[in-house]
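Numbering (our numbering), first residue to last: 4 to 549.
Given below as structure tokens:
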């Protein structure tokens, strides 16, 4: 049986919720309604007397305290909260009883309906993502928890304030394990005044319960603070405490090329070095520059002047081969960690690498990617999305403050993969999985690398709190080598069918700059708003491919 917990609400809204319960295909439900009762015994005028509706005597008060009272009256194997006026799909109870283990917990997608009559939003949630759950209560509002385990773990703790249900979900993730994503939507939220209310209640309460969760699971943090975008709270930034500063080798493939940026000529690798070598930079750092034979000697001299003893120069002979150049750099690198970085980058914050290194404090994390923006401030990269047989950059070209895809650009979380234009991983892991496959000289090398990392059972994390400017062209129309698309399909077709972490929130049209499909086709089936931008294999553009 499923017990639904509701605290307060106006009569019309409560009647709407009751109607969705009464319409369930499986009648094994209970509604624990914490509201004051009228003299005729009805909780709400117009609400029928139903033995499955448990009236919890309560005066008006703190909503969290009312939920705690409702939980005390619950008898179901699982419990969930539901705001007055919101509805469950007709098969919600049936799905939970069928799919959730007795002591398991899960969550579902949700649809948001607006009083203005605008098209509803569907928020398709990712599969269980522990880093994202710490960064955003994405699974909380629709979470279904095992009642007995919750009560044994302290129930709904009123001291958590408006973050009490978030606190409950985090505790269940600790004692039960990963939650099960139940595709839906199975919950419909009505009369939402603001699309995608990612954090309900006081964002300081949410930050506090995440901080307490980190302490319980042994994650040392300097701070947990709310993250805002477009004037609303979308999650939290977990600032991890570095227990040490492992040595990092930044590997930069280059040929010393230049272009005009913001109206001025720019030698990319030199300007990258200048932005790297600033006060407050990460300690224990070396920069391995793998340069082509035709790189101007003046460029190499400038690098020596900027980086001094931290510079390692390695001459590369032969035609351009991105994977091979990176592998050569990794061989001569001495750092415990490797950071592969394109030369057409600009570092805008000295703590970018500290943020990325802190994510590798988690032994389950195998690689970390940053947020990349174009020179005009629009998004270039928030992680890879693998779906429909292809690999792409979701939200390519969107404004940096976008709330699309569950505000994925704004909060740290798991990804299927990240671009090799800026990726950090352990040198030992890189060596163990065989580095970049040299069967992918130009394209898909980072896709293949990330999938090999995941095959090792490690997670890949994206963090927007390390942001770099990428001077890659936004208008370039590249192409893909057929041999690489065929090889990727042969290796990873099963992993490219459906992304676990970046699902599309409709009706927002999610535009991709596609790295291309293994079958050589363009775009994403069924999404006319998704243009195809395949990756270039032309030598003069090859250093822009990631």
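All C-beta atoms in this analysis are idealised placements derived from N, C-alpha and C, irrespective of residue type, glycine included.
Range covered by the alpha helix (DSSP H) that runs through residue 183
To locate residue 183, count along the chain shown from 1; it is residue 180. Careful: residue 183 lies outside any alpha helix (DSSP H), inside the beta strand (DSSP E) at 183-192.
So residue 153 and residue 175 are supposed to be a Cβ contact under 8 Å. How far apart are they, rounded?
Residue 153 sits at position 150 when you count from the first residue of the chain shown. Residue 175 sits at position 172 when you count from the first residue of the chain shown. The beta carbons of residue 153 and residue 175 sit about 6 Å from each other, so the pair counts as a contact at 8 Å.
Pairwise C-alpha distance: residue 218 and residue 498
As a working note, residue 498 is residue 495 in the chain shown. As a working note, residue 218 is residue 215 in the chain shown. Near 34 Å, if we compare the C-alpha coordinates of residue 218 and residue 498.
Tell me where the beta strand (DSSP E) around residue 384 begins and ends.
Taking the first residue of the chain shown as 1, we reach residue 384 at position 381. Start and end: 382-384.
Taking all protein chains shown into account, decide if residue 408 is buried (16 or more other Cβ within 10 angstroms of its Cβ) or exposed.
As a working note, residue 408 is residue 405 in the chain shown. Classification for residue 408: buried.
Between which two residues does the alpha helix (DSSP H) harbouring residue 354 extend?
In the chain shown, counting from the first residue as 1, residue 354 sits at position 351. Counting along the chain, residue 354 falls outside any alpha helix (DSSP H), and DSSP gives it neither H nor E.
Residue span of the alpha helix (DSSP H) that contains residue 451, given as start and end:
Translated into positions along the chain shown, residue 451 becomes position 448. Segment 448-458, the alpha helix (DSSP H) holding residue 451.
Could you give the DSSP three-state label for residue 334: helix, strand or coil?
In the chain shown, residue 334 corresponds to position 331, counting from 1. Reduced to three states, the DSSP call for residue 334 is helix.
For residue 156: DSSP bridge partner residues
Your numbering for residue 156 matches position 153 in the chain shown. DSSP output for residue 156 lists no bridge partner at all.
Any non-hydrogen atom of the ligand GTP within 8 Å of residue 132 CB
This structure lacks the ligand GTP; in fact it carries no ligand of any kind.
So, is the C-beta of residue 286 closer than 9 Å to a C-beta in chain C?
As a matter of chain content, chain C is missing from the structure shown, which is built from one protein chain.
Between residue 187 and residue 112, is the Cβ-Cβ spacing less than 9 Å?
Taking the first residue of the chain shown as 1, we reach residue 187 at position 184. Taking the first residue of the chain shown as 1, we reach residue 112 at position 109. For residue 187 and residue 112, yes; Cβs fall inside 9 Å.
For residue 496, the nearest candidate out of 390, 59, 298 (CA to CA)
Translated into positions along the chain shown, residue 496 becomes position 493. Out of 390, 59, 298, the CA that lies nearest to the CA of residue 496 is found in 390.
Can you have a look at residue 362 and say buried or exposed, based on whether 16 or more other CB atoms are within 10 angstroms of its CB?
The count along the chain shown starts at 1 and reaches residue 362 at position 359. By the 10 Å Cβ count, residue 362 comes out buried.
Cβ neighbour criterion (16 or more within 10 Å) applied to residue 422
Taking the chain shown and counting its residues from 1, one reaches residue 422 at position 419. Buried, since its Cβ has 16 or more Cβ neighbours within 10 Å.
Is it buried or exposed for residue 505, if we count other Cβ within 10 angstroms and need 16 for buried?
Position 502 of the chain shown, counted from the start, is the residue given in the question as residue 505. Residue 505 comes out buried.
Do you know how far the Cα of residue 106 is from the Cα of residue 95?
Working through the chain shown from its first residue, we reach residue 95 at position 92. Working through the chain shown from its first residue, we reach residue 106 at position 103. So the alpha carbons of these two residues sit roughly 18 Å apart.
Is there contact here, the stretch 393-410 with the stretch 341-359, by at least three beta-carbon pairs under 8 Å?
Output reads no: the stretch 341-359 does not touch the stretch 393-410.
Within the continuous beta strand (DSSP E) that includes residue 287, where are the two ends?
Here residue 287 is taken as the residue at index 284 of the chain shown, counted from 1. Counting along the chain, residue 287 falls outside any beta strand (DSSP E), and DSSP gives it neither H nor E.
Any alpha helix (DSSP H) of 4 or more consecutive residues that is wholly inside the stretch 7-43:
14-25
According to DSSP, is residue 409 helix, strand or coil?
In the chain shown, the residue the question calls residue 409 occupies position 406. The answer is helix: DSSP assigns residue 409 an H, G or I state.
If distances are taken between C-alpha atoms only, which option among 356, 470, 438 comes closest to residue 412?
Counting from 1 along the chain shown, the entry for residue 412 is found at position 409. For the residues 356, 470, 438, the minimum Cα distance to residue 412 belongs to 470.
Distance CB(residue 26)-CB(residue 93) smaller than 9 Å
Numbered from 1 along the chain shown, position 23 holds the residue referred to as residue 26. Numbered from 1 along the chain shown, position 90 holds the residue referred to as residue 93. It is a contact, given that the beta carbons lie within the stated cut-off.
So what does DSSP say about residue 538, is it helix, strand or coil?
Looking up residue 538 in the chain shown gives position 535. Low per-residue confidence applies at residue 538: pLDDT is 30, beneath 50, and the placement is therefore not dependable, though the value from the model is reported in the following sentence. Reduced to three states, the DSSP call for residue 538 is coil.
Roughly how many whole angstroms lie between the Cα atoms of residue 32 and residue 466?
For the purposes of this step, residue 32 is taken as residue 29 along the chain shown, with counting starting at 1. For the purposes of this step, residue 466 is taken as residue 463 along the chain shown, with counting starting at 1. Going by C-alpha positions, residue 32 is about 40 Å away from residue 466.
Just the Cα atoms here: how many angstroms apart are residue 488 and residue 453?
As a first step, residue 488 is located in the chain shown; it is residue number 485 there, counting from the start. As a first step, residue 453 is located in the chain shown; it is residue number 450 there, counting from the start. Rounded to the nearest whole angstrom, the C-alpha separation of residue 488 and residue 453 is 16 Å.
Should the stretch 352-371 be called in touch with the stretch 327-334, which here means at least 3 C-beta pairs below 8 Å?
no
Give me the Cα-Cα distance between residue 264 and residue 283, rounded to the nearest whole angstrom.
As a position in the chain shown, residue 264 is number 261, starting the count at 1. As a position in the chain shown, residue 283 is number 280, starting the count at 1. Their Cα atoms are separated by approximately 26 Å.
Buried or exposed by the 16-neighbour rule on C-beta atoms within 10 Å, applied to residue 151
Along the chain shown, read from residue 1 onward, the residue named residue 151 stands at position 148. By the neighbour-count rule (16 or more Cβ atoms within 10 Å), residue 151 is not buried but exposed.
Limits of the unbroken alpha helix (DSSP H) element including residue 461
As a working note, residue 461 is residue 458 in the chain shown. From DSSP, residue 461 is part of no alpha helix (DSSP H); its letter is neither H nor E.
Rounded C-alpha distance that separates residue 204 from residue 166:
By 1-based counting over the chain shown, the position of residue 204 is 201. By 1-based counting over the chain shown, the position of residue 166 is 163. If you draw a straight line from the Cα of residue 204 to the Cα of residue 166, it is about 7 Å long.
In angstroms with no decimal places, state the Cα-to-Cα distance between residue 365 and residue 10.
As a working mapping, residue 365 is identified with position 362 in the chain shown. As a working mapping, residue 10 is identified with position 7 in the chain shown. Looking at the two C-alpha atoms, the distance is approximately 38 Å.
Burial state of residue 193, where buried means 16 or more other Cβ atoms lie within 10 Å:
Locating residue 193 in the chain shown gives position 190, where the first residue counts as 1. It counts as buried.
With a Cβ-Cβ cutoff of 9 Å, do residue 59 and residue 36 count as a contact?
The residue you call residue 59 lines up with position 56 of the chain shown. The residue you call residue 36 lines up with position 33 of the chain shown. In this structure, residue 36 lies closer than 9 Å to residue 59 by Cβ.
Candidates 56, 475, 272: which alpha carbon is nearest residue 301's?
Here residue 301 refers to the residue found at position 298 of the chain shown. Out of 56, 475, 272, 272 has the C-alpha closest to the C-alpha of residue 301.
Report the residue from 367, 130, 81, 222 whose alpha carbon sits nearest the alpha carbon of residue 108.
Here residue 108 refers to the residue found at position 105 of the chain shown. When each option's Cα is compared against that of residue 108, the closest is 81.
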